[in-house]
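Let me begin by presenting the structure, written as structure tokens, before commenting on it.
In full-length UniProt numbering, the protein residues as written are 1 to 216.
This is the structure in structure tokens:
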């Protein structure tokens, strides 16, 4: 029997990818770099600073800024992103998420968030589901980002279970690789992308049952 659930946030609980894209695209344009939605897909699941580094490298400007200037650019992007999130509410939960979390709570199954987003607590509060999670891993405490398994291992530890007893939920390839490297059962959630290595892939959480998953 599995004993706990570990969730990525963006693309699993809600979808704020469009807001990330707008904020990154605007920042890139200010720097004379043009990015499109195809390039934006390469930023899925990775940290804010890693995303900025990829954009700068894409525009051949990776050596044009000091560390402090890069931090300021990343902060500027985040401020715009947060403004775009102002109207986020329970209606923005992805299909099946609330019902799944209710099922988990009824069975006293602990849940944790393993997301690269520093805004996770604020987002979960706006979505009305913050109280379903026993812990949110702070990305600032991590040495490496996904696909390294560190964030998933920390998430399992935070809800006092071993990684092998956890099920991880991800919508990005880097996340699936991190879940598997942590020794967890991996559930991929995507309608369009084939998530290699996932133990189970579904189009949305409406297809999932807590009771059935616990016995995988």
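Just so you know, even glycine gets a beta-carbon here, dropped at the ideal spot from N, CA and C.
Inset, instruction - Flag this pair as touching only if the stretch 108-125 and the stretch 5-19 have three or more C-beta atom pairs under 8 Å; answer yes or no. - result: yes
Legend entry - Beta-carbon contacts of residue 28 that lie in its chain and below 6 Å, excluding the five residues immediately before and after: Walking along the chain shown from the start, residue 28 turns up at place 28. Closer than 6 Å at Cβ, skipping near neighbours: 35, 55.
Inset, instruction - Whole angstroms is fine: what's the gap from residue 179's alpha carbon to residue 57's? - result: Mapped onto the chain shown, residue 179 falls at position 179. Mapped onto the chain shown, residue 57 falls at position 57. About 28 Å.
Inset, instruction - Note the first and the last residue of the continuous beta strand (DSSP E) segment covering residue 229. - result: Absent from the structure is residue 229, since the part of the chain shown begins at 1 and ends at 216.
Inset, instruction - Compute the distance between the beta-carbons of residue 137 and residue 156, then report whether it is under 7 Å. - result: Your numbering for residue 137 matches position 137 in the chain shown. Your numbering for residue 156 matches position 156 in the chain shown. No, the pair does not count as a contact, with Cβ atoms beyond the cut-off.
Inset, instruction - Would you please state the rounded distance, in angstroms, between the beta carbons of residue 150 and residue 160? I believe it to be under 8 Å. - result: Numbered from 1 along the chain shown, position 150 holds the residue referred to as residue 150. Numbered from 1 along the chain shown, position 160 holds the residue referred to as residue 160. Contact flag wrong, Cβ pair sits at about 18 Å.
Inset, instruction - Excluding the 5 residues preceding and the 5 following residue 214 in the sequence, name in chain order all residues of the same chain whose CB lies nearer than 6 Å to its CB. - result: Looking up residue 214 in the chain shown gives position 214. The answer, listed in chain order, is 1, 2.
Inset, instruction - Could you tell me which uninterrupted beta strand (DSSP E) segments, each at least 3 residues in length, are contained entirely in the stretch 147-187, listed from first to last along the chain? - result: 166-170
Inset, instruction - Examine the ligand ZN and report whether any of its heavy atoms sits within less than 6 Å of the Cβ of residue 189. - result: Inclusion of the ligand ZN in the displayed structure is not the case, the ligand content being empty and no account of it being possible.
Inset, instruction - Quick one: give me the first and last residue of the beta strand (DSSP E) that residue 6 is part of. - result: By 1-based counting over the chain shown, the position of residue 6 is 6. Counting along the chain, the beta strand (DSSP E) containing residue 6 begins and ends at 4-7.
Legend entry - Selection from 163, 202, 193 that minimises the alpha carbon distance to residue 185: Here residue 185 corresponds to residue number 185 of the chain shown, with the count starting at 1. Here the closest residue by C-alpha is 163.
Inset, instruction - Check each candidate in 99, 64, 183, 119 and name the one with the smallest Cα separation from residue 153. - result: As a first step, residue 153 must be located in the chain shown, where it is residue number 153. Comparing Cα-Cα distances from residue 153 to each of 99, 64, 183, 119, the minimum goes to 183.
Inset, instruction - Could you work out which residue in 115, 110, 23 is closest to residue 10 when comparing CA atoms only? - result: Residue mapping note: residue 10 aligns to position 10 of the chain shown, counting from 1. Of 115, 110, 23, the residue nearest in Cα terms is 115.
Inset, instruction - Look up residue 10 in the DSSP assignment and say whether it is helix, strand or coil. - result: On the chain shown, position 10 is the one that residue 10 refers to. Note: residue 10 maps to strand in three-state DSSP.
Inset, instruction - For residue 75, write down the residues that DSSP places opposite it in a beta bridge. - result: Here residue 75 corresponds to residue number 75 of the chain shown, with the count starting at 1. DSSP lists no partner for residue 75.
Legend entry - residue 57: first and last residue of the uninterrupted alpha helix (DSSP H) it sits in: Taking the chain shown and counting its residues from 1, the one referred to as residue 57 is at position 57. First-last of the alpha helix (DSSP H) with residue 57: 48-58.
Inset, instruction - Quick one: which unbroken alpha helix (DSSP H) runs of 4-plus residues sit fully inside the stretch 77-105? Chain order, please. - result: none
Legend entry - residue 23 (DSSP reduced to helix, strand or coil): Your numbering for residue 23 matches position 23 in the chain shown. Helix.
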